[in-house]
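I have placed the structure first, in the form of structure tokens, so that the comments after it can refer back to it.
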Amino acid sequence: MATPSPGYAITVRVEAPSSSTATSGLAAAVSAAGGALTALDVVESFADRLVVDVTCDAVDSDHAESITKALTQVAGVTVRKVSDRTFLIHLGGKLEVNPKVPLKHRDDLSRAYTPGVARVCLAIAENPEDARRLTIKRNTVAVVTDGSAVLGLGNIGPAAALPVMEGKAALFKQFAGVDAWPVCLDTQDVDNIVEIVRALAPVYGGINLEDIAAPRCFEIEARLREALDIPVFHDDQHGTAIVVLAALYNALRVVRKSLDDVRVVVSGVGAAGHAIIRLLHAQGVTDIVACDRRGAVHPNGEGRDEFRRWIAENTNPRGATGTLKEVLAGADVFIGVSGPNLLTGEDIATMADDAIVFALANPDPEVDPIAAREHAAVVATGRSDFPNQINNVLAFPGFFRGMLDAGAHEITDAAMLAAARAIADAVGPEQVNASYIVPSVFDPEVAPAVATAVKHAAHATA
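Residue numbers (the numbering used here): 3 to 464.
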């Protein structure tokens, strides 16, 4: 299933003989080693030799080394340098701060800073609501993590989480014009996290919680929502749920089934699974069976925390028991937010006709999507190298844009359902098919559409 990815792109600078076949020999070596050649540039030319940059995608770091070794075995070729293109774009970080106002002479300084700034400070002291109008607060989001559940990497800590939070902040700006900043906390104590974020909140118009492990993330979000007058949104939960629901709307259009009638099995009851189940429930899906490591979650199960208890009390109306594979038989929809390689193509074959499979574990899904496609009508993953990528970038930039523009602070089911519908509707009736159920993250119409839908929903429930 593994294929070369831009996430493992390398540029190998080599010296090669200045023959007519030099570059074709380099290209052939990359291809034979299983790499995906993306560029081959002659950067220097001499009478007897060429200096060539060979750029290609690899499957992983070991594969990149194998490609480099293959290039050294081409006759007359010497490797000068190998550059990891992913590390290169992270050098020095991915963010910077730029002033929005000119600071060219004393008059500018007197207004932007002292003495003029004092007047603005006093105005805010007299009317704190003016902070939204007169500071960065109205357009600024804190991307907060404790580093405990970073991507699929686990508990790697706040410093190692920083590149992800930088990337998140860059996406906020790129897709919705929201100024976001990483806040990586060197504590995993719930009380400490809540108090730190509460104390930082005056600077921000919203809090995006990110990569915080369950069940701690649930308590942190609930307490911050209670304490703050700005929106608090755990993207791993709600962003995922919004995009999953959007994709499901369109997948059901493809197979001509209804939300009211389908049987849904969800693998994983952590942050994402819990939020997906809640949003599906809010949308009116009645037949949901959630599975954890012990199998189907049901009311008679023991050792459940309060979040699993909610799932047990509000899902599984048929009282299904058994393993994931057992309860999957006859289901219309499988949604996986758990771990890799839990199912096979044969397991998918036991589902209902025209089944829908969302295998979202990253980087390795719950089932090989190629094997799943042999039996399911629609297959989606979290990967960028297969059709139908379920990507939170479709949701969170526009969602926060709408909340900030509305001046709203309460995250409601109505706002999330509106966001999901806006994403789904970005794929027109003439476009939707089994390989295209969600729009591209680069579709410029998605974030504005989500922002408008969320803003209207926020105003309607205010």
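We treat Cβ as the ideally placed atom computed from N, Cα and C, and that holds for glycine. Everything numeric in this text was worked out from a predicted model, so none of it was measured.
Between the options, which lies nearest to residue i when the distance is taken from Cα to Cα?
| i | options | result |
| --- | --- | --- |
| valine 185 | Ile198, Asp191, Val192, Gly179 | Ile198 |
| valine 380 | Asn394, Gly36, Ala361, Leu396 | Ala361 |
| valine 81 | Ala35, Asp355, Ala18 | Ala18 |
| leucine 39 | Val205, Val287, Val122, Pro8 | Pro8 |
| valine 99 | Leu124, Ile138, Thr23 | Ile138 |
| proline 319 | Glu67, Arg310, Val299, Thr325 | Val299 |
| alanine 216 | Gln190, Ala229, Phe177 | Gln190 |
| aspartate 193 | Thr454, Arg225, Phe177, Ala162 | Arg225 |
| serine 22 | Thr5, Ala49, Ala41, Pro6 | Ala49 |
| cysteine 219 | Ala274, Pro399, Leu97, His411 | Ala274 |
| proline 466 | Met418, Pro101, Ala30 | Lying before the first or after the last residue shown, residue 466 is absent from the chain, which here runs from 3 to 464. |
| glycine 207 | Ile126, Leu111, His411, Pro450 | His411 |
| aspartate 366 | Leu155, Lys259, Asp407 | Leu155 |
In angstroms with no decimal places, state the Cα-to-Cα distance between residue i and residue j.
| i | j | result |
| --- | --- | --- |
| valine 53 | histidine 92 | 26 Å |
| alanine 253 | valine 76 | 48 Å |
| leucine 345 | valine 369 | 5 Å |
| alanine 373 | alanine 60 | 23 Å |
| asparagine 141 | histidine 240 | 20 Å |
| leucine 468 | serine 47 | Beyond the ends of the chain as shown, which are 3 and 464, falls residue 468; an answer cannot be given. |
| leucine 164 | leucine 330 | 38 Å |
| leucine 173 | aspartate 62 | 24 Å |
| glycine 37 | aspartate 445 | 29 Å |
| glycine 159 | threonine 88 | 21 Å |
| aspartate 415 | isoleucine 278 | 12 Å |
| valine 245 | aspartate 238 | 11 Å |
| leucine 105 | alanine 382 | 50 Å |
| alanine 201 | glycine 324 | 46 Å |
| phenylalanine 235 | arginine 423 | 18 Å |
| proline 371 | cysteine 123 | 57 Å |
| glycine 286 | alanine 426 | 17 Å |
| serine 340 | glutamine 391 | 16 Å |
| aspartate 263 | methionine 353 | 15 Å |
| serine 26 | alanine 72 | 14 Å |
| isoleucine 1 | threonine 317 | Nothing can be reported for residue 1: it is not among the residues displayed for the chain, which extend from 3 to 464. |
| aspartate 188 | phenylalanine 401 | 28 Å |
| aspartate 86 | alanine 322 | 49 Å |
| alanine 478 | threonine 454 | In the structure as shown, the chain begins at 3 and stops at 464. Residue 478 is therefore absent and cannot be evaluated. |
| glycine 297 | threonine 70 | 45 Å |
| alanine 120 | valine 335 | 59 Å |
| alanine 351 | alanine 243 | 26 Å |
How is residue i classed by DSSP in three states: helix, strand or coil?
| i | result |
| --- | --- |
| arginine 375 | helix |
| glutamine 433 | coil |
| alanine 284 | helix |
| glutamate 308 | helix |
| isoleucine 214 | coil |
| glycine 409 | coil |
| phenylalanine 235 | strand |
| threonine 25 | helix |
| phenylalanine 398 | helix |
| valine 205 | helix |
| phenylalanine 388 | coil |
| valine 32 | helix |
| glycine 275 | helix |
| aspartate 289 | strand |
| alanine 314 | helix |
| alanine 322 | coil |
| glycine 404 | helix |
Got a sec, what are the start and stop residues for the alpha helix (DSSP H) residue i sits in?
| i | result |
| --- | --- |
| glutamate 17 | Here glutamate 17 belongs to no alpha helix (DSSP H); instead the beta strand (DSSP E) covers 7-19. |
| asparagine 194 | 192-202 |
| glycine 169 | 160-178 |
| valine 329 | 326-330 |
| leucine 247 | 242-257 |
| valine 440 | It is not in any alpha helix (DSSP H) - valine 440 carries neither H nor E in the DSSP assignment. |
| alanine 449 | 448-463 |
| aspartate 349 | 347-351 |
| alanine 361 | Counting along the chain, alanine 361 falls outside any alpha helix (DSSP H), though it belongs to the beta strand (DSSP E) covering 358-361. |
| serine 260 | Careful: serine 260 lies outside any alpha helix (DSSP H) and carries neither H nor E. |
| threonine 70 | 63-74 |
So residue i is in the beta strand (DSSP E); what residue range does that whole segment cover?
| i | result |
| --- | --- |
| serine 269 | 265-269 |
| glutamate 46 | 38-47 |
| glycine 338 | 335-338 |
| leucine 52 | 51-60 |
| aspartate 415 | Taken as a continuous stretch (DSSP letters only), aspartate 415 belongs to no beta strand (DSSP E), being part of the alpha helix (DSSP H) at 415-427. |
| valine 381 | 380-383 |
| aspartate 181 | 181-186 |
- Message: Just to confirm the assignment: which complete beta strand (DSSP E) runs, minimum length 3, are found wholly within the segment 77-149?
- Response: 80-86, 142-147
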